[in-house]
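Under our numbering, think of the first position of the sequence shown as 3, with each following residue one higher.
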Amino acid sequence: MPDLFLISGGYVYDPANNIDGQVKDLWIENGKVVAPPTDPTIRPARTLNAAGLVIMPGGIDMHCHIAGPKVNAARKMRPEEKRKGEKISRTAVSHSGTMGSVPSTFATGYKYAGLGYTTAFDAAVPPLAARHTHEEFEDTPCIDKGFYVLMGNNHYVMNAIRDAEPERLKHFVAWLLGSAKAYAAKLVNPGGVEVWKQQQGGNVHQIDETVEHFGVTPRQIIQQIARTVDELRLPHSVHIHCNNLGMPGNWTTTLETMRSLEGHRGHMTHIQFHSYGGGEADENTFNSKVTPLAEYVNANKNLTVDVGQVLFGETTSMTGDGPLGYYLANVYKSKWFSADTEMEAGCGIAPIKYKNKSLVHALQWAIGLEWYLMVEDPWRVVMSTDHPNGGSFLAYPQIIRLLMDRGYREEILKTVHPAVRERSQLGDLTRTYTLNEIAIITRAGPARILGLKHKGHLGPGADADITIYTPHENKETMFALPRYVIKAGQILVEEGDIRQEHYGKTLHVAPSYDPSAEQHIGDWFEQFYSIRFRNYPVGQEYLHAAEQVACG
Ligand SMILES: [Zn+2]
C-alpha cells in the first residue's frame, strides 16, 4: 500500500494552477503532491481535515541575508540586540537560538518555518566564502535554501569583459557557480565595490563611469553578465543590486540599468532602495520616482523585481555594497563594519533605525508599498524586506495587511511624516491585494522567477511544502501564525511549535562549461589568490541533501 497523506476540504490558493480558493483535496506521497487515486478503495494512511482553512504552497523568500560571513559578522556586532532579544529555548526536537534583527542559524530556520516559509535564498555570498556558507546552511533547519554568488566586482569577470572574450567569461561564470555550489549570479553595485577597494571613499556614480585598473564600466558588467546568464540558460536571471543604492536621485541609474539589459532577463532586487528622486545631500528634495520606473517595468516583460520593503523599527543593514555601509554609518553616526574579499567582493554592516517621523524613512516605507501597488502583473513583483535591511522577514504578515486592507494602510499613512502625501502617490492608490495575489507574490511568483518548477504550486509533482492558515479578518493575525506548516509531506509546525526535526535541501546549479577553460582560470588564480586553486571548489560533501536544479 502506498503511504498516502490526504489534506482534505481546505480552500486552496494555487495560482500557478489557476485554483483561486476552491475547496479541494490534496494528496501527498513521498514528499510530493500526487494526483488523487483513481481507485476509490485506496485509503490514505493519514488524513488532515482542513475544512474551513486556507491552503497555499509554502512561502519562498527569494532575497534575504541569512548565512555567510557578513551575516555572521552582524551577529557578533550587535550583542546589545541579542541581550534584549527573544530567546529560543531548546526542546526535544529543536535547538536553542537567539533573535534580534539577525537571528542565529537555528532560530532563522525555525522562525521561517513558523511563518509558513519553506524555502529561502541568501542573496550575496562571495564565492571564497561559499564553503562557510554551506556549513552554516547545515545548521539552518526546516527550510530548503540556496545562495546567489557575487560576481559584479570579480577581477576575472572584469578582465574577460575588458578583453572582449565572451566565451571565456561564460566558462568562468559556469565554473564559478559550480565551484561555489551556488544558485544564481548576483551583481552588487557592479564596479563600484572595486573602486571602493582601490581608493578611500571610492565608488562609481553612474553606469558609464570607468572602473580604474580594469577599464570596464558598470554598464558593460551588467550587459555581459545578463547575456551570459541567458546563454547558460540558468533557471534564474541575473540578480541585480543597482549602483547608487539609497542615494537621492538614483532612479535614473536604475532606469538606465534596466535599459542596459536590452531585452535580456533581469531581476532588479530591493527596487525600493533604487527609486528615489531628489538632489544630492538635500533631504528636502527627496521624493518617490516609482511612477516612471514601474511604467518601465510594466512595459518590459524581461524584468522582475522584489521590493525590499522598509518597516519602522530597529534593524541591521548588511550589504555586499561596501561603500554603502560607509555612507549609512556616516548618516546615522553608528558603529560600522567593513570587509573586503580578495579578488571578489566587499561588504558593509551598520545598525539602522527606521523612524515613522523621519521624512526619508517614511518615504522609503511608502515607496515600497507603491511598488506592490503599481506593478500591474503580480507575477513580476515579489514580497521582500531584503531581510534584515528593510526589516525582518517576520514583518511579512504586516506587509500583507497593508496590501489587503486599504483602511489600515490609510491609518498608518496618517501616523507618518505628513510630507509623504505630497511626495509619493501612496495616498491615491486604491488597489488592494486578494488572497490569490498574495499567494502569487509570496510563493508562486518567486518560484517561477527562480525557475523552480517543483515549488510554489500544488499540482502533481510539486514538493509537498504547504502552509495552512486559519482565515481571519485581520490578515496580519492570519499570516503571522499558520495553523500547520507541512514540509516535504510531513507536519513540521503546528501553531508556531516545531513538531519534528527537518533539515531541508540545498538548491544549486551546475552549468556545463569547457573543462579546458580551467587551465586559464587556474593560471590566473595561482598568481593572485591567497589559497590554492584546487582548494577553492566546494565539494559535494559540504552540502546537506543537495538538489541540483537543471539549466535550460
Ligand atoms: Zn540584499
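The beta-carbon is built from N, C-alpha and C at its ideal position, and this holds for glycine as well. Every value quoted in this text rests on a predicted model; they were computed, and no experiment measured them.
Here arginine 45 is exposed: its Cβ has fewer than 16 other Cβ atoms, across all protein chains shown, within 10 Å.
Three or more beta-carbon pairs drawn from the segment 202-210 and the segment 243-255 are found closer than 8 Å, and the two stretches are therefore classed as touching. Relative to the non-hydrogen atoms of ligand 1, the Cβ of threonine 271 comes within a distance shorter than 7 Å of at least one. Look at asparagine 289 here: in three-state DSSP terms it is strand. Leaving aside the five residues that flank glutamate 439 on each side, the residues in its chain whose CB is nearer than 7 Å to its CB run, in chain order, Pro380. Contact annotation, tyrosine 544 with glutamate 137: C-beta distance approximately 7 Å; criterion of less than 8 Å satisfied.
Distance from the Cα of alanine 132 is smallest, within the candidate group Tyr114, Phe7, Gly116 and Leu152, for Leu152.
Looking at the backbone, the Cα of valine 95 and that of lysine 507 are separated by about 18 Å. By alpha-carbon distance to alanine 548, the top candidate from Gly118, Trp198, Phe149 and Val73 is Phe149.
The Cβ neighbour count for lysine 335, taken over all protein chains shown within 10 Å, is under 16; the residue is labelled exposed. Here DSSP, grouped into helix, strand and coil, assigns asparagine 302 to coil. As far as DSSP is concerned, valine 551 takes part in no beta bridge. By the neighbour-count criterion, in which 16 or more other beta carbons inside 10 Å mark a residue as buried, glutamine 222 falls on the buried side. Fully enclosed beta strand (DSSP E) runs of no fewer than 3 residues occupy 146-152 of the segment 122-154, in order along the chain. The three-state secondary structure of leucine 509, taken from DSSP, is strand. Using a 10 angstroms sphere on the CB of histidine 474, the tally of other CB atoms stays under 16, which defines it as exposed. Closest in C-alpha terms to histidine 546, from the list Ala552, Val35, Val333 and His510, comes His510.
For proline 59, the enclosing beta strand (DSSP E) stretches over residues 56-59. In the three-state DSSP reduction, glutamate 88 falls in the coil class, being neither helix nor strand.
For glutamate 316, the beta-bridge partners assigned by DSSP are Lys355.
Listed in chain order, the alpha helix (DSSP H) runs fully inside the segment 396-444 are 398-406, 408-417, 422-425 and 437-441, counting runs of at least 4 residues. With the rule of 3 Cβ pairs closer than 8 Å, the segment 400-411 counts as touching the segment 477-491.
Of the candidates Ala182, Ala109 and Gly281, Ala109 places its Cα closest to the Cα of tyrosine 505. Annotation: alanine 18 to isoleucine 442 spans about 8 Å, alpha carbon to alpha carbon. When beta bridges are read from the DSSP output, isoleucine 68 appears opposite no residue.
Using a Cβ-Cβ distance cut-off of 8 Å, the segment 511-525 and the segment 169-177 are in contact, since at least three pairs of beta carbons, one from each stretch, lie closer than that value. In this structure, alanine 397 has its beta carbon at no less than 7 Å from each heavy atom of ligand 1.
Burial state of isoleucine 533 is exposed, judged by a 10 Å Cβ sphere holding fewer than 16 other Cβ atoms. The DSSP assignment places complete alpha helix (DSSP H) segments of no fewer than 4 residues inside the segment 200-244 at 220-233, in order along the chain. With respect to the 8 Å criterion, glycine 193 and histidine 134 are not classified as neighbours on the basis of their beta carbons.
Leaving aside the five residues that flank isoleucine 57 on each side, the residues in its chain whose CB is nearer than 6 Å to its CB run, in chain order, Gly12, Val14 and Ile470. By the Cβ rule, the segment 391-400 counts as touching the segment 304-322, because three or more pairs are nearer than 8 Å. When DSSP states are grouped into helix, strand and coil, tryptophan 177 belongs to the helix group. Going by DSSP, aspartate 342 is part of the beta strand (DSSP E) stretching over 339-343.
Not one heavy atom of ligand 1 is found less than 7 Å from the C-beta of aspartate 308. In its chain, beyond the 5 residues on either side, Asn155 and Val213 have a beta carbon closer than 6 Å to the beta carbon of glutamate 196.
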